[in-house]
Structures are given as C-alpha cells and as structure tokens.
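All you need for the numbering used here is the position in the sequence shown, starting with 1, plus 8.
Using N, Cα and C, we set each Cβ at its ideal position, and we do this for glycine too.
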Amino acid sequence: FSFLQERLRYVLGLLLLLHSTDSFYVPGVAPINFHRNDPVEIKAVKLTSSRTQLPYEYYSLPFCQPSKITYKAENLGEVLRGDRIVNTPFQVSMNVEKKCEVLCNLPNKPVTLTVEQSKLIAERIREDYYVHLIADNLPVATRLEFYSNREEEEKKKEKDVQFEHGYRLGFMDGNKFYLHNHLSFILYYHREDVEESQEHTYRVVRFEVIPQSIKLEDLKADEKSMCTLPEATGSAPQEIDPTKENQLLFTYSVHWEESDIKWASRWDTYLTMSDVQIHWFSIINSVVVVFFLSGILSMIIIRTLRKDIANYNKEDDIEDTMEESGWKLVHGDVFRPPQYPMILSSLLGSGIQLFCMILIVIFVAMLGMLSPSSRGALMTTACFLFMFMGVFGGFFAGRLYRTLKGHRWKKGAFCTATLYPGVVFGICFVLNCFIWGKHSSGAVPFPTMVALLCMWFGISLPLVYLGYYFGFRKQPYDNPVRTNQIPRQIPEQRWYMNKFVGILMAGILPFGAMFIELFFIFSAIWENQFYYLFGFLFLVFIILVVSCSQISIVMVYFQLCAEDYRWWWRTFLVSGGSAFYVLIYAVFYFVNKLDIVEFIPSLLYFGYTALMVLSFWLLTGTIGFYAAYMFVRKIYAAVKID
Numbered sequence: 009f010s011f012l013q014e015r016l017r018y019v020l021g022l023l024l025l026l027h028s029t030d031s032f033y034v035p036g037v038a039p040i041n042f043h044r045n046d047p048v049e050i051k052a053v054k055l056t057s058s059r060t061q062l063p064y065e066y067y068s069l070p071f072c073q074p075s076k077i078t079y080k081a082e083n084l085g086e087v088l089r090g091d092r093i094v095n096t097p098f099q100v101s102m103n104v105e106k107k108c109e110v111l112c113n114l115p116n117k118p119v120t121l122t123v124e125q126s127k128l129i130a131e132r133i134r135e136d137y138y139v140h141l142i143a144d145n146l147p148v149a150t151r152l153e154f155y156s157n158r159e160e161e162e163k164k165k166e167k168d169v170q171f172e173h174g175y176r177l178g179f180m181d182g183n184k185f186y187l188h189n190h191l192s193f194i195l196y197y198h199r200e201d202v203e204e205s206q207e208h209t210y211r212v213v214r215f216e217v218i219p220q221s222i223k224l225e226d227l228k229a230d231e232k233s234m235c236t237l238p239e240a241t242g243s244a245p246q247e248i249d250p251t252k253e254n255q256l257l258f259t260y261s262v263h264w265e266e267s268d269i270k271w272a273s274r275w276d277t278y279l280t281m282s283d284v285q286i287h288w289f290s291i292i293n294s295v296v297v298v299f300f301l302s303g304i305l306s307m308i309i310i311r312t313l314r315k316d317i318a319n320y321n322k323e324d325d326i327e328d329t330m331e332e333s334g335w336k337l338v339h340g341d342v343f344r345p346p347q348y349p350m351i352l353s354s355l356l357g358s359g360i361q362l363f364c365m366i367l368i369v370i371f372v373a374m375l376g377m378l379s380p381s382s383r384g385a386l387m388t389t390a391c392f393l394f395m396f397m398g399v400f401g402g403f404f405a406g407r408l409y410r411t412l413k414g415h416r417w418k419k420g421a422f423c424t425a426t427l428y429p430g431v432v433f434g435i436c437f438v439l440n441c442f443i444w445g446k447h448s449s450g451a452v453p454f455p456t457m458v459a460l461l462c463m464w465f466g467i468s469l470p471l472v473y474l475g476y477y478f479g480f481r482k483q484p485y486d487n488p489v490r491t492n493q494i495p496r497q498i499p500e501q502r503w504y505m506n507k508f509v510g511i512l513m514a515g516i517l518p519f520g521a522m523f524i525e526l527f528f529i530f531s532a533i534w535e536n537q538f539y540y541l542f543g544f545l546f547l548v549f550i551i552l553v554v555s556c557s558q559i560s561i562v563m564v565y566f567q568l569c570a571e572d573y574r575w576w577w578r579t580f581l582v583s584g585g586s587a588f589y590v591l592i593y594a595v596f597y598f599v600n601k602l603d604i605v606e607f608i609p610s611l612l613y614f615g616y617t618a619l620m621v622l623s624f625w626l627l628t629g630t631i632g633f634y635a636a637y638m639f640v641r642k643i644y645a646a647v648k649i650d
C-alpha cells in the first residue's frame, strides 16, 4: 500500500508541474504597438464548416473586395490546414469609433448578386459555414451568452459567456436564407504604460464581432457611405432568394473598449472554451486507475517470474522441471527469426520515427512554443521532425533486421523509407483529388505536393539510409540463448490465445487511459476548436507508453507459457490493439457528434481517421514490441540453460 501511496504522490506532483506549464505560453510573435489613428488591418483566413469539413477561401463568395488583393505568404502547416490569409476592405483605425459605414459600392448602387452567386451563398448558409477573420493575428470570436442551470435568484445576476470561433455566414428560418451583411466589430485594447512626454501606445487584446442581417430598405445610407442602423425591434433581416438576383449592402461598424487584459494573456479568452474542470477530473481518474493497475500487474508478473526462475534454476530436480510446461521449454525457439523480417523491421522503424516525432512535438508544445498564435507551426514542426527522425527509424530498423538474420540491407532501408510514408501519401493524394474537385482551399496545391515529395526523397530517404547503414553495421542485439536447428512443435492453443481475442484484451487499458483526451483532440480536428492542453497530452502520452509496455509484457508472458514461440509479429499486432478501439470511437463520434451527411465529407473523415488509426497502431505496436523484446531477453538471461 505504501508503494501505491508513493506513486500517487509522484503523480500529483507531476500534475501540479504540468498545470503550471499548461497556463503559460510563449507567444509566436512580438507585440505590435499602435498609436491612436494607426490602421489595424483586418484579414480573412477562410470559411469553415464542421458539416462539410471543406474549408473555402474568403473570396470564393461574392464579398466586397479591396482594390488589390494580396495573399500572405504561408508556412507549410497553414497550407495543409487550408488557410488562405488575404486582405479585406474593412478600414479600422486604432481607438477610432465608426457608427456604420458601407463597405463597397455607393449607397445608391447596392451590390447585386447574380442567381449563381445567390445560390452559392444560400448553399453555404445551409451547410452552416463560419467566416474567420483576424486582426493583429487575433481570430474573431462571437460572444454567446446563456443562463446556466443555477438557482433562480442567481440567474438574474450573471450569465455564462462562451465564445465561438468566427461568425456565422447567415441563418435559416424555415426554408428561407438570411445573410449576415452587417458586422459590428468590438475591439478591446490595452493601454501600455509610457513616460509622460510620450504618446500613448495601445495593443489589441480581443476581437469580437456581432453579425446582423439587415434588409437593404432598412439601411439608411448617405452619399458619404455613412449609414444609420434601424432600431433592433423594427428591422427585417436580409433575405437571399436563390432563385433570383438579390440586392443588398455590406456594412460594418467599429467600437473600441479599454481592457485590463495584458498582451501576453490575450489568447486566454479563446483557449478557455472547454470545461477544464472535467478535464482535470478525468485525467487524474485515468492516471490513478492506470498506475494502480500497472502496480498490480508489475507485482504479479515479478512474483510469478521469481518463482519460475527459482524453480528452473534448481540444479537437483532438473528432470522434473523438464517435464513441466512453461516458458523455459521454448528457449531453443524463442529467438527464431519470424516470417517477413524486412517488413517487420520496416514497420518498427516507422514506429520509432513516429514515437520520436510525437514525443518532441508534445514536449515542445507543452513548453508553449507551438501555441495557436503561431498559426500552422504545429503541423510544420511535425512534418519536418518526421523527416529528420528518419535517422533513428533507420538505425533501429537496420539493427533489428540484422538481428533477424537479414542480408539485403539496401532493400530493407528503401522499404523502411517508403512503406508507411507511401501509404500516407497515397491516401492523402486520393483524398486531395476529391477536395480539388470541390474547389476547396483545403486541397494541397500542386507546388506544395511537389515540395513534400522533394522533402521525402531529398531529406527523409537519405537519412533513413544513413541510419540503416549504421544500424546494420552495428553488433546485432545479443540474444541470451541459442536457437535450435529444428523448430519445436507448437501445442494446440486455447481459444483465448487467439490473435483477435488478444487484440481486444490488450487494447482496453491503453485506450481507457487516453479516452478523454481523444474527445478533445477530435473536437479540435473536426469542429475547428483550438487544442492547447499539451500539458495534459504529455501526461497521457506517458501513461500510454507505460500501459502499452505492461500489457505487451503480460501478453507475451502468457503466450510463452502456452509454449507458442511465434511472438514477434503477434506482439506487434496485439500491442496496437488500442488502435482498434480508436477506430470504433471514431465511428461513434461520427454518428453522434457530427452531422455530416454528404459523401465527400464522410470520405474525408474516414480517410483521415484511417491514417490516424494506422499511425496509432504503428506507435503503440512499436512501444509494445520493444518492451516485450527487452522482457524476453531479460527472462531467458536469468535462467540456466544446459
């Protein structure tokens, strides 16, 4: 019991450390100071919908355009996410109010939407699209106020405020479509402390919008492009009829408010959108359960093993022991190389590559260097790290291939460098063709695809070869017992030793440990939320590694006790059992949480999910395999073999 208390104390200490890391982040850019009247540029990022999963660029719809459209140069991560950051005609100046201004066209010449454009806008409104703008790198958010289920007296006092990313393009009422054609921007600034003689400087710390739909007739505009908004009660919304041309005005207003929020913590509003309390509870819950189970498992395995080894090493009654069943009986076959050693070592090499990449990315993100403010940084870092970790992947694959008596190292290195990345590239290419067909900005442009191919064959492939060469030249892993010439016959196995039963049993514990985190990651990917809880994720990753290793050791121990020495492939497959549960959870999430109905969005969802499941299987399979391999070498080194 004292052992468990020690573990709990250690876990709580680690949690406190992670919590302090979680709330701190190094912003991706230096603060910009504005003086009064300085222009604050409003840019558009993209249009997104969780119903179609297809982002579109801002000017794919007939919004008002500036005289010259300029796109921001983007990093790899932004391109892969479908961001196309572009300037807009909104004129906003620091701390200067605007009551109401017409955006483009003179008031006496409203914007006329053709039937095609009207159809497109109505379609996008029906698909529940959101528009994403940024000001000084801060994304726009819509404030949602609602009463929580508190007591009646408290209800009158305070509302709960939540923010959603972007603003809705429009809304539907019955079968009619209404467009949000008036945007009320509310920008918050923080006044910086300066010396008395100097002019005040301001920093943008929050960017909100209240979208409104106002009919053309109700917007009273004059020749100077100024307009007056109607009273809230008497105005009718701007309908878009997809069967005919529509006339409307795009207008906006700007309101500035002073705020106490410092520049360094300006992202907090966006990042406190989900309930952290539940998160804490579930994480502590899974940590305690996993450590408790691992403690019990370790104790059982260690006690059983000690008993086994003590029995096997008794010199005098060696004849009795040899008649018993048990893992010692298969000592002459346990290190017999499996079938397809090249493919096994290649997959494990890719698993090592993934493991190194994920570990470094989560650790760096936990220190706050990949915060949401540096857009696309996470994706870019992950891509480059995967390429550079090819050295380690190649080294481990090469050494294992040599241990498994492989000779064709060049072919093995090529297999390691192309097998998993080739599958990923193939699936992404097919999905990309469908996205291209939909003219979505989520489609990877051809030059980017060529650049990725050049990175793969110009950086990753040579590095894998380099690692493989050194791994293959290095001394192979030292197996403590010799392999017999003639393979032993394997007795008939019980039903519960079946591979599929093993996969189902082995997947439960690791999946249970990371189940809650999976929900937040899926929300971030499929519902355009920000994911920032990397402190939690790091802890979950450690739990995952521990639980995968232990389950794998238990499974291989049972298998060897049943005198089945074909453990190489089986351990790799069974340890990745939690990937099967991730797949089931993905299907459950698709049915219950997302209302995707069309074919292409569903194809995208399941295509990307297949990639996630494959990568997760490689990762957990590799962790389990290496744990089991170390365990098998340890136990056979501990018994005396004649």
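- If you compare the alpha carbons of C235, R410, T630 with that of C364, the shortest gap goes to T630.
- Within the region 380-458, the complete alpha helix (DSSP H) segments of 4 residues or longer fall at 385-396, 398-411, 417-445, listed in chain order.
- Judged by DSSP secondary structure, V554 falls within the alpha helix (DSSP H) whose first and last residues are 542-569.
- Nearest C-alpha to A272 among G376, T579, I604: G376.
- Assigned with DSSP and collapsed to three states, G615 falls in helix.
- With a cut-off of 8 Å on Cβ pairs, the region 101-113 is in contact with the region 39-46, counting three or more such pairs.
- Sequence-distant Cβ neighbours of E266 in its own chain, meaning closer than 7 Å and more than five residues away, are Y197, R199.
- K315 and P488 have their C-alpha atoms spaced approximately 20 Å apart.
- The beta carbons of L552 and M522 sit closer together than 7 Å.
- In this chain, the beta strand (DSSP E) harbouring F193 covers 190-199.
- Per DSSP, D181 is one residue of the beta strand (DSSP E) stretching across 178-181.
- Here V338 is near E571, since their CB atoms are less than 7 Å apart.
- Around the beta carbon of G420, 16 or more other beta carbons lie within 10 angstroms, which makes this residue buried.
- T411 places its beta carbon 7 Å or farther from that of Y476.
- The Cβ atoms of I142 and K51 sit closer than 7 Å to each other.
- As summarised for the region 104-149, the continuous alpha helix (DSSP H) elements at least 4 residues long and confined to that stretch are 123-134, given in chain order.
- Short of 8 Å from the beta carbon of D341, and not among the five residues preceding or following it, lie these beta carbons of its own chain, in chain order: T491, N492, P495, R496, Y573.
- Taken atom to atom, the span from the alpha-carbon of R383 to that of L146 is near 10 Å.
- Beta-bridge pairing by DSSP links I248 to F185.
- DSSP lists T120 as the beta-bridge partner residues of Q255.
- DSSP places D276 inside the alpha helix (DSSP H), whose first and last residues are 276-279.
- Your pair Y175 and V212 does not check out as a contact, with CB atoms roughly 18 Å apart and the cut at 8 Å.
- In the three-state DSSP reduction, E153 falls in the strand class (E or B).
- Non-local beta-carbon contacts of P97 in its own chain, meaning distances under 7 Å to residues more than five positions away in sequence, involve C72, Q73, P74, L111, C112 in chain order.
- One Cα belongs to Y565, the other to Y473, and the distance between them is close to 35 Å.
- Among the bridge pairs identified by DSSP, D486 is matched with none.
- With fewer than three CB-CB distances shorter than 8 Å, the region 526-534 does not count as touching the region 347-358.
- Pairing A451 with N440, the inter-Cα distance amounts to about 5 Å.
- E266 is bridged by DSSP to Y197.
- Cβ-Cβ distances below 6 Å link Y79 to V94 in the same chain, with the five nearest sequence neighbours on each side left out; the list follows chain order.
- With distances taken between CA atoms, A229 lies nearest to H190 out of W264, T424, H190, P219.
- Our two residues, G178 and F185, have alpha carbons roughly 7 Å apart in a direct line.
- Across the set I248, P250, T259, the C-alpha of T259 shows the shortest separation from the C-alpha of T236.
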